[in-house]
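Below you'll find the structure, written out as structure tokens, and then a few comments.
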Amino acid sequence: MELLDGNLELKEIQNLQGHTDRVWSIAWNPATAAADVPAVFASCSGDKTVRIWEASPSTRSWDCKAVLEETHTRTVRSCAWSPSGKLLATASFDATTAIWENVGGDFECVSTLEGHENEVKSVSWNASGSLLATCGRDRTVWIWEVMPGNEFECIEVLQGHTQDVKMVQWHPTMDILFSCSYDNTVKVWWSEDAEGDWSCVQTLGESSNGHSSTIWSLAFNAKGDKLVTSSDDLTLKIWEADIVRMQSGDGYAPWNHLCTLSGYHDRTIFSVHWSREGIIASGAADDAIRLFVESKDGLMNGPSYQLLLKKEKAHDMDVNSVQWFPGEKRLLASGSDDGAIKIWELETLPG
Amino acid sequence: MVSGLINANPVVYEKKERQVRSIATIPDEYAVEPIDQQEIFDHIRDIKDPEHPYSLEELKVITEDAIEVDNERSYVRVTFTPTVEHCSMATVIGLCLRVKLMRSLPSRYKMDIRVAPGTHATEAAVNKQLNDKERVAAALENPNLLDMVDECLAPSYG
Numbered sequence: 001m002e003l004l005d006g007n008l009e010l011k012e013i014q015n016l017q018g019h020t021d022r023v024w025s026i027a028w029n030p031a032t033a034a035a036d037v038p039a040v041f042a043s044c045s046g047d048k049t050v051r052i053w054e055a056s057p058s059t060r061s062w063d064c065k066a067v068l069e070e071t072h073t074r075t076v077r078s079c080a081w082s083p084s085g086k087l088l089a090t091a092s093f094d095a096t097t098a099i100w101e102n103v104g105g106d107f108e109c110v111s112t113l114e115g116h117e118n119e120v121k122s123v124s125w126n127a128s129g130s131l132l133a134t135c136g137r138d139r140t141v142w143i144w145e146v147m148p149g150n151e152f153e154c155i156e157v158l159q160g161h162t163q164d165v166k167m168v169q170w171h172p173t174m175d176i177l178f179s180c181s182y183d184n185t186v187k188v189w190w191s192e193d194a195e196g197d198w199s200c201v202q203t204l205g206e207s208s209n210g211h212s213s214t215i216w217s218l219a220f221n222a223k224g225d226k227l228v229t230s231s232d233d234l235t236l237k238i239w240e241a242d243i244v245r246m247q248s249g250d251g252y253a254p255w256n257h258l259c260t261l262s263g264y265h266d267r268t269i270f271s272v273h274w275s276r277e278g279i280i281a282s283g284a285a286d287d288a289i290r291l292f293v294e295s296k297d298g299l300m301n302g303p304s305y306q307l308l309l310k311k312e313k314a315h316d317m318d319v320n321s322v323q324w325f326p327g328e329k330r331l332l333a334s335g336s337d338d339g340a341i342k343i344w345e346l347e348t349l350p351g
Numbered sequence: 001m002v003s004g005l006i007n008a009n010p011v012v013y014e015k016k017e018r019q020v021r022s023i024a025t026i027p028d029e030y031a032v033e034p035i036d037q038q039e040i041f042d043h044i045r046d047i048k049d050p051e052h053p054y055s056l057e058e059l060k061v062i063t064e065d066a067i068e069v070d071n072e073r074s075y076v077r078v079t080f081t082p083t084v085e086h087c088s089m090a091t092v093i094g095l096c097l098r099v100k101l102m103r104s105l106p107s108r109y110k111m112d113i114r115v116a117p118g119t120h121a122t123e124a125a126v127n128k129q130l131n132d133k134e135r136v137a138a139a140l141e142n143p144n145l146l147d148m149v150d151e152c153l154a155p156s157y158g
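Sequence lines, in order, name chains A and B.
By the UniProt record's numbering, the letter at position 287 of the first sequence is numbered 287, and the numbering carries on one by one without gaps.
By the UniProt record's numbering, the letter at position 137 of the second sequence is numbered 137, and the numbering carries on one by one without gaps.
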């Protein structure tokens with residue numbers, strides 16, 4: 001990648017204030033990735049609110065367009081837009097997941113998903129927007145089917161994790177669900193036929209070169225054949241699967257450990273995200289953001305990844321979420337315990 | 001006597017003499033004074049034990065020596081010693097220590113709270129829970145637990 005040859009800088013272009021407690025999670029609206037529409041993202045916080053931020057076309061800066069409050073009664077831990085960008089799902093410690101619809105610029109809570117015993121920690125839509133997954137402290141992963149009229153029906157409660165489940169994430173192209181947990185494992189859930197039952201088809205644990213402590217987040221590359229996980233064990237791990245074989249209907253393709261990135265972060269890595277052009281961003285409790293890319297040199301011994309850039313003191317406190325903008329521009333949003341959201345641009349410096 | 005307490009008869013130790021810092025020794029009141037072991041100890045020594053009317057200092061759950069401070073890195077580690085190996089109050093004590101330091105130290109400080117090696121039956125599990133900030137955040141949104149923590153912390157604000 002030509003990125004490695006350039007002189008790069010992660011430039012802070014905006015520092016957004018508004019949340020009165022830690023920012024837990026950020027989600028870009030995928031429907032606003034095109035250059036001719038203002039980019040929108042949502043953020044959620046320990047202050048029990050969700051904020052919607054929209055770029056002003058003229059000034060290229062983001063303003064808070066809406067504050068979604070008085071629905072969740074506790075921390076809002078995670079938020080996710082449906083693929084069409086019309087619905088926003090928010091998961092809260094109050095044991096519910098709320099579904100919000102943008103009605104003429106106003107966000108209305110159109111559905112509340114109840115069922116988890118206590119804290120809901122993460123929510124994710126599948127690629128087509130027909131399924132939603134949630135997980136939480138009750139150690140379960142729930143799959144909900146999206147029905148007409150903003151109805152959501154629970155079709156599966158998946159049990160297998162032995163501790164609270166930190167995050168759920170659907171594969172970017174196929175209906176395969178991934179969950180990561182305080183029990184130090186990633187579990188892969190799949191249903192062989194469309195009508196069949198969902199089951200755990202693989203567990204990525206310490207014995208399969210997995211993590212030795214809590215796994216906080218996971219993300220896929222654009223193609224969907226690679227997965228990156230971030231952990232309290234201070235490492236990032238990259239996993240690979242023969243997704244082409246699986247797409248051709250040849251059964252489940254297992255994920256194998258490809259490499260481990262260690263020695264970069266000093267404290268828990270809370271968030272990891274893969275850009276569409278292949279840059280991995282990680283945010284950690286050491287207040288720093290790091291970027292990694294696949295290195296060409298390593299090809300003889302299989303692919304390896306190298307540090308592209310390190311931004312020390314990206315925030316005043318822990319970085320909880322890093323999310324690449326899904327469009328053309330190399331924009332990264334980060335959220336922190338310091339209550340701030342920052343927008344960064346990865347720039348190539350002249351010379 | 002039948003007692004529901006985890007440790008009905010804890011050993012109570014004498015409190016360490018308090019060092020009073022002389023104002024006169026501080027040359028410039030606006031200078032940033034490094035945070036030291038003693039200052040951290042002063043923040044937490046008077047926290048009340050969750051099940052006894054004694055302070056963590058009196059029960060030797062914490063001592064000044066069990067506090068490590070690295071000012072340059074803005075890092076603090078507190079190692080506490082539960083009074084009995086199976087103390088189910090260990091997580092509450094750890095939570096009290098974390099909350100008190102969160103409220104007392106500048107926000108740039110990173111902290112680890114742990115039980116002393118070999119002093120608790122489920123040491124690794126207790127340490128993992130105490131250092132998972134999501135679990136700590138969820139615990140502090142539980143009104144009953146927060147009341148319990150605030151009650152233990154009350155004497156430490158004296």
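Built from N, CA and C at the ideal position, the CB exists for glycine as well.
Are there three or more Cβ pairs, one per stretch, closer than 8 Å when the stretch 109 to 122 of chain A is compared with the stretch 89 to 100 of chain A? yes
Give the single residue among B/D132, B/L153, B/V78 whose Cα lies nearest to the Cα of B/E64. B/V78
Do A/Y182 and B/D70 come within 8 Å of each other at the CB atom, strictly closer than that value? no
Using a threshold of 7 Å, is the CB atom of B/G94 nearer than that to any non-hydrogen atom of the ligand PLP? As presented, the structure is devoid of all ligands, the ligand PLP included, so that no description of it is given.
Using 10 angstroms around the beta-carbon of A/E294, count the other beta-carbons present and answer buried if the total reaches 16, otherwise exposed. buried
If you run the structure through DSSP and keep just helix, strand and coil, what is B/A24? Residue placement at B/A24 is flagged as unreliable, the pLDDT there being 48, under the threshold of 50; a coordinate-derived value is accordingly withheld.
Please say whether A/W81 and A/A27 have beta carbons closer to each other than 8 Å? yes
Is the beta carbon of B/E126 sitting closer than 8 Å to the one on B/T91? The amino acid occupying residue 126 of chain B in the given sequence is Val; Glu does not appear at that position. Contact: yes.
For A/Y305, count neighbouring C-beta atoms within 10 Å of its own C-beta (all shown protein chains included) and say buried if the count is 16 or more, exposed if not. buried
What does B/K100 touch in chain A if you count any residue whose Cβ is under 7 Å from its own? Those within 7 Å of B/K100 in chain A number zero; the least Cβ separation is about 18 Å.
Which residues in chain B have a C-beta closer than 7 Å to the C-beta of A/T75? List them in chain order. A137, E141
Compare the C-beta of A/F41 with all C-beta atoms of chain B and state if any pair is closer than 8 Å. no
Chain A beta carbons: is any one of them nearer than 8 Å to that of B/R77? no
Note down the Cα distance separating A/L308 from A/K296, rounded to an integer number of angstroms. 13 Å
Given 8 Å as the limit, is there contact between the stretch 321 to 331 of chain A and the stretch 28 to 37 of chain A, that is, 3 or more CB pairs closer than that? yes
Between the stretch 55 to 74 of chain A and the stretch 35 to 43 of chain A, do three or more beta carbon pairs fall short of 8 Å? yes
Quick one: grab the DSSP three-state call for B/I62. coil
Alpha carbon of B/L97 to alpha carbon of A/R330, nearest angstrom: 42 Å
Please tell me whether A/Y264 has its Cβ less than 8 Å away from any Cβ of chain B. no
For a contact meaning CB atoms closer than 9 Å, what does A/M246 contact in chain B? Residues of chain B passing the Cβ test: none, with the nearest at roughly 32 Å.
Over the uninterrupted beta strand (DSSP E) stretch that includes B/Q129, give me the two end residues. Unbroken run through B/Q129 is the alpha helix (DSSP H), 123 to 130; no beta strand (DSSP E).
Under 8 Å from the C-beta of A/E119: neighbouring residues of chain B: A138
Name the DSSP bridge partner or partners of A/G283? A/S271, A/I289
Taking all protein chains shown into account, decide if B/A24 is buried (16 or more other Cβ within 10 angstroms of its Cβ) or exposed. At B/A24 the pLDDT is 48, less than 50, meaning the model places this residue with poor confidence and gives no usable figure here.
Below 8 Å between beta carbons: does that hold for A/W255 and A/Q202? yes
Secondary structure at A/E195, three-state DSSP: helix, strand or coil? coil
Which residue or residues does DSSP assign as beta-bridge partners of B/A138? DSSP, once it has assigned bridges, lists no residue as partnering B/A138.
Chain A partners of B/S107, CB-CB under 9 Å? D316, M317, D337, D338
Run through DSSP, which three-state label would B/M1 get? Low local confidence applies: a pLDDT of 43 at B/M1 is under 50, so the model's placement there is unreliable, and no value is given.
Hey, A/S230 and A/V272 are a contact pair by Cβ (cut 8 Å); roughly how many whole angstroms apart? 4 Å
Alpha carbons only, please: which of A/I13, A/P172, A/A66, A/T75 is nearest the one belonging to A/S25? A/T75
Leaving out five residues before and five after A/R77 in sequence, what residues of the same chain have Cβ atoms less than 8 Å from its Cβ? W24, S25, C44, A91, S92, F93, E119, V120, K121, S122
Buried or exposed: where does A/S336 fall if 16 or more other Cβ atoms within 10 Å of its Cβ makes it buried? buried
Counting contacts by CB-CB distance shorter than 8 Å, is B/D147 in contact with chain A? no
Quick check: the Cα distance between B/S107 and A/S130, rounded to an integer number of angstroms? 42 Å
Looking only at C-alpha atoms, which of B/A66, B/L153, B/D46 sits nearest to B/E80? Residue identity differs from the one stated: residue 80 of chain B is Phe in this sequence, not Glu. For B/F80, the nearest C-alpha among the options comes from B/A66.
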